[in-house]
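Data block below; observations after.
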Amino acid sequence: MKVIAYLWIAFLIAVPAASAQNQQLVWAADAEGGAPYTFPDPRNPAKIIGFEVDLANALAARMGRTARFVQNQWDGLVPGLERGEYQVVINGLEITPERAERIHFSTPYFYSTLTMTTRLDDLRIQRAEDLRGHTVGVLKVTFAEKYVRNLGGVTVRSYDSQVQPYIDLDLGRVDAVVMDTPIALYYASGPRVRNLELASARMSFGIGIRKSDDELLQQINAAIDSLRRDGTLRKIYTDWGIYNAATAQTFGDRDPVTNDNAVRYRDYLDAIRTERTFRERLAQYWQYLPLLLLGALVTLEISAASMAVAISLGLFLAVLRVFAPRSFSWLVIGFIEIIRGTPLLIQLFIIFYGLPSLGIRFSPFWAAVVGLGMNYAAYEAENYRAGIQSIPRGQLDAALALGLTRIQTIRKIILPQAVRLVIPPVTNDFIALLKDSSLVSVITMVELTKMYGQLAATNYDYIGIGLLTAAIYFVLGLPIARLSRLLETRLAYMKV
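Residue numbering for the sequence shown follows my numbering, beginning at 811 and increasing consecutively.
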């Protein structure tokens, strides 16, 4: 009877959870990508806006659901979809044969061309073929990058954010930028640049869906068709100033293509105006502070948990390497060298995206803790090994002669001294881990550096927001350094 009761309780818990999942359309994008796709509202950074946000909300409403946004790094969107972190990807995802082999694509919801941007006073580049022999900025893993590389003879610089290449163009670091036309509209409309639409470079955007979700694919396609027929899609695109002839032609829309009523586009331009007084900028930074502090809290939680894993595992590995039989010692050496010899970013990708294929799944938080913890455990093991081997061999022999067992000697005499000696390098590693935690943004975690990237890309302010973010990192690390110094003083044999 107890077993039946437990099964009934589990059923009652599972049914509402599954029902809630079916009532939501969980979609993912990278909010650092920028306007007009998905980005923080310049007037209210806690709110995510963009034409694809409006599209997701309209789709969800048409399907009888509510939309829920999930943040993920651009190049992790498809792996995260395959892993099951969300149901769909809506983030300017170009429909390509390579991607179509891995995921389903909905019917296209938007069509675009590429736009080439150069400095106004640079007349060397008049057409796409003139890019050969020059340095060109593109957004990585996009149709624009593939198009420019296929030209041949072009030095390509790939960027994570669509703001940075235009900054480099202004500074003379690149000779041209090739981006989706909607991006150029929002970021390359100033008087110092010249834009040329590459009409032959046409692409279509689709919603990414897992291969196993055939029913959801049909529902998405039906909703897109409904939104197209009743004019909802046209209104969304017109509001953002991006409706174009290619989209209208494919939609069968014979009305004149116009963006005269681009209310969202004009509101965006007004919100990001650079002419602000000092008081207005201070008020703006004050508005950003809660979001940055929220990111800092995530950073601190991940770093503290990861360092606890690193210290515990590192100490265990050090003891095995020094005191265990040679066979165990070689296993420890192999683990340490493999971890230290491979990039942390790849380790995070394997843990979060690779292990699920073997039936091992971690939440984003625990994947970050395991990845950072194991990586730093290799370094802590070497710190503790150095501390242990710095203790004179005579102390071990004396303890054994006095009747202590080997384990008692290690636990009560060797390790306490070794731990005291390695406080400075362990402190350095903890502070370094605080900064390395920024890498976890690739597995859907929004920590301090990722939050900075989103805010800076939206507001064209990498200096002011960057200084504020750096100050928060300094405040996070300073107490750790002070605590380390206090422990060193209290545990020292003598004060210097």
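Just so it is clear, CB atoms sit at the ideal spot from N, CA and C, and this is done for glycine as well.
- Residues of the same chain with a CB within less than 7 Å of the CB of leucine 1110, apart from the 5 flanking positions on each side, are Leu1286 in chain order.
- Judged by beta-carbon spacing, arginine 872 lies beyond the 8 Å limit of glutamine 833, meaning their Cβ atoms are not closer than that value.
- The straight-line gap separating the alpha-carbon atoms of glycine 1204 and valine 1232 is approximately 20 Å.
- The shortest CA-to-CA distance from glycine 894 to any of Phe1162, Gly1181, Val966 is the one to Phe1162.
- The C-beta distance from valine 898 to isoleucine 1017 rounds to 5 Å, short enough to fall under 8 Å.
- In the DSSP assignment, glutamine 1218 falls within the alpha helix (DSSP H) that extends over 1216-1219.
- The region 953-1039 is shown to contain whole beta strand (DSSP E) runs of 3 or more residues at 965-969, 986-990, 1003-1015, in chain order.
- Secondary structure in the region 1120-1165: the alpha helix (DSSP H) runs of 4 residues or longer, each lying completely within the stretch, are 1136-1151, 1154-1159 in chain order.
- When only Cα atoms are considered, leucine 1168 and leucine 887 end up about 20 Å apart.
- Shortest Cα-Cα distance from alanine 1009 to any of Leu924, Tyr1053, Ala1093 involves Leu924.
- One thing to note: valine 1229 has its Cβ no nearer than 8 Å to the Cβ of leucine 1158.
- In the structure shown, the three-state DSSP call for arginine 937 is coil.
- For phenylalanine 1172, no alpha helix (DSSP H) segment is defined, and its DSSP state is neither H nor E.
- DSSP places threonine 917 in the coil class of the three-state scheme, outside both helix and strand.
- Listed as beta-bridge partners of isoleucine 858 by DSSP are Pro850.
- By the beta-carbon neighbour count (other beta carbons within 10 angstroms, threshold 16), lysine 857 is exposed.
- Glutamate 1192 places its beta carbon 8 Å or farther from that of isoleucine 1224.
- Asparagine 854 and glutamine 974 have their C-alpha atoms some 22 Å from each other.
- Secondary structure of serine 1200 (DSSP, three-state): coil.
- Arginine 929 sits in a strand when the DSSP states are folded into three classes.
- Isoleucine 1275 and proline 850 have their C-alpha atoms spaced approximately 14 Å apart.
- Proline 992 and proline 846 do touch by the CB rule: their CB atoms are close to 5 Å apart, below 8 Å.
- Annotated three-state conformation of glutamate 842 is coil, per DSSP.
- The shortest CA-to-CA distance from isoleucine 1241 to any of Thr1068, Ser1294, Glu908 is the one to Ser1294.
- Inclusion of valine 1132 and glutamine 1227 in the CB contact set at 8 Å is not warranted, their separation being larger than that value.
- Distance check between aspartate 1049 and each of Tyr1075, Leu1265, Ile1282 places Tyr1075 closest, using alpha-carbon atoms only.
- Contact between the region 932-951 and the region 1026-1037 is absent, with fewer than three C-beta pairs closer than 8 Å.
- Rounded to whole angstroms, the gap between the alpha carbons of asparagine 1069 and lysine 1045 is 10 Å.
- Looking at Glu1007, Gly1181, Ala910, the one whose alpha-carbon comes closest to that of valine 1119 is Gly1181.
- For arginine 909, the secondary structure class from DSSP, reduced to helix, strand or coil, is helix.
- In this structure, DSSP gives glutamate 892 a helical state, which the three-state scheme calls helix.
- Ranked by how close their Cα comes to the Cα of tyrosine 1270, the residues Glu1085, Phe1126, Arg1195 have Glu1085 in first place.
- In this structure, the beta-carbon distance from alanine 1178 to valine 1256 does not fall below 8 Å.
- Annotated as proximal: valine 946 and valine 964, with beta-carbon spacing under 8 Å.
- The continuous beta strand (DSSP E) containing valine 946 extends over residues 945-949.
- In the assembly as shown, glycine 890 is a buried residue. Its beta-carbon has 16 or more other beta-carbons within 10 Å.
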